[in-house]
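Student: Take a look at this one; I'll ask things after.
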Amino acid sequence: MKAVKKSEWQLQTAKNRFSEVVNRAITDGAQTITRHGKPVVVVMSQEEFRRLAPIKEEKEWSMLEHLLACPDKTLHKRVFRTPGPPRDVEFS
13 MKAVKKSEWQ LQTAKNRFSE VVNRAITDGA QTITRHGKPV VVVMSQEEFR RLAPIKEEKE
73 WSMLEHLLAC PDKTLHKRVF RTPGPPRDVE FS
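To convert a position in the sequence shown, counted from 1, into our numbering, add 12.
Following this line, the structure appears as C-alpha cells:
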C-alpha cells in the first residue's frame, strides 16, 4: 500500500478528521483529498485562496458596457432605422 503524504488525505479519513484537515490547511498549507487514490479536492486557508484567486470588486456597469457585453453579436444587425426622411420636430 502506498504511503500517504501528510498533506494528502483519503476521503474517509478527511471526513472523520475534518477539523484536523482544516487546521493543517491553515498552518501547513493546502491539503489534498483523494478518492480511490486520485486527488479530487484541495482544502486551503481563506488567505491562500484570496492570494491565488483575487476577487475583483464589483462595479456598476453603464448601459453601453451592458450592450457591449451582450453575447448576441448579431444584435446590432436587427436594430435598424426607417429608410425615409426624419419627421419634423416642432420646438415650442
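Cβ coordinates follow ideal geometry from the N, Cα and C atoms, glycine included.
If you scan the stretch 36 to 71 from start to end, which runs of the alpha helix (DSSP H) of 4 or more residues do you find wholly inside it?
Tutor: 58 to 64
Student: Along the chain, where does the alpha helix (DSSP H) that runs through E77 open and close?
Tutor: Looking at the DSSP string, the run of the alpha helix (DSSP H) that includes E77 is M75 to L80.
Student: I'd like to know whether the C-beta atoms of V52 and Q43 end up nearer to each other than 7 Å.
Tutor: For the 7 Å CB-CB criterion, V52 and Q43 do not form a contact.
Student: Could you spell out where the beta strand (DSSP E) holding E20 opens and where it closes?
Tutor: E20 to Q22
Student: Can you give me the C-alpha to C-alpha distance between P83 and A65, rounded to a whole angstrom?
Tutor: 25 Å
Student: What's the gap between the Cα of E77 and the Cα of K71?
Tutor: 11 Å
Student: Mark A81 as exposed unless 16 or more other C-beta atoms lie within 10 angstroms of its C-beta, in which case mark it buried.
Tutor: exposed
Student: Please name the residue in G41, T46, L79 and S74 whose C-alpha comes closest to that of F61.
Tutor: G41
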